[in-house]
Amino acid sequence: MSGSNIELTLHDGETIFIKENHNDFARALAFEPTLAIAYKKVYGDVSGATASARKLLQLEEVQLALEYYRIKKSKALDLSEAAILAELAACGMARVEDLLNSDGTVKPIDKFEGHSSVGLASYKVKTQGTQDGDIIETSFTMTNKIQALKTIAEIKGMGKINETNNTKVIINNKL
Numbered sequence: 007m008s009g010s011n012i013e014l015t016l017h018d019g020e021t022i023f024i025k026e027n028h029n030d031f032a033r034a035l036a037f038e039p040t041l042a043i044a045y046k047k048v049y050g051d052v053s054g055a056t057a058s059a060r061k062l063l064q065l066e067e068v069q070l071a072l073e074y075y076r077i078k079k080s081k082a083l084d085l086s087e088a089a090i091l092a093e094l095a096a097c098g099m100a101r102v103e104d105l106l107n108s109d110g111t112v113k114p115i116d117k118f119e120g121h122s123s124v125g126l127a128s129y130k131v132k133t134q135g136t137q138d139g140d141i142i143e144t145s146f147t148m149t150n151k152i153q154a155l156k157t158i159a160e161i162k163g164m165g166k167i168n169e170t171n172n173t174k175v176i177i178n179n180k181l
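Per the numbering used here, the sequence shown starts with residue 7, numbered consecutively.
Laid out in structure tokens, this is it:
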């Protein structure tokens, strides 16, 4: 399919509908009643609205458009295996020390350097006013390092990690 050469001869509302439902043609078909209601409003044809909606969704150019927008969106995400593995590795190797000052207090989020925030699952700042001044409490949660490393091991074919009685066991190890 040459997605960039698609010329749609659809109305604006139909094109918007396709763009919003490009991920899954089956999902677009599930919206057939909604599209039929839109046809009723636009064309005033109550009896033929459902048939018109079904006919639109079965057009080859509509199916091509759905596929075109799905591909366009997936390219925009740029989720290559190498990028995913690099992100998982960064999460797996993240150190809590990268998020703390030398006195053990949490650094402000704008002071994180480089990839130090990649291992961060959540970051919360709570300010509470008192008579003596504001108290600022900062807390964070790290990502699950074991899960990140487990996923890398499985992707790279190093083995499957099973959890038994709170003990991690690597089986089918290919190292």
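All C-beta atoms, glycine included, are put in the ideal place defined by N, C-alpha and C. Here the structure is a predicted model, which is why all the values come from computation and not from measurement.
Exercise. Are the Cβ atoms of S123 and K132 separated by less than 9 Å?
Worked result: no
Problem set entry | Coil, strand or helix - T125 by DSSP | Looking at the sequence shown, residue 125 is not Thr but Gly. Three-state DSSP puts G125 in a helix.
Problem set entry | One or two residues paired with D109 in a DSSP bridge | D109 is not bridged to any residue.
Exercise. Which first and last residues belong to the alpha helix (DSSP H) in which G98 is found?
Worked result: 87–99
Problem set entry | Cα-Cα separation between A71 and I90, rounded to whole angstroms | 28 Å
Problem set entry | Residues near K78 in its chain [Cβ-Cβ closer than 6 Å; skip 5 each side] | none
Exercise. In angstroms, rounded to a whole number, what distance separates the CA positions of R101 and D116?
Worked result: 17 Å
Exercise. Alpha carbon to alpha carbon, what distance is there between E67 and Y74?
Worked result: 10 Å
For this session: For the alpha helix (DSSP H) containing L155, list its first residue and its last residue.
Result: 151–161
Exercise. Across which residues does DSSP place D140 in a beta bridge pair?
Worked result: G135
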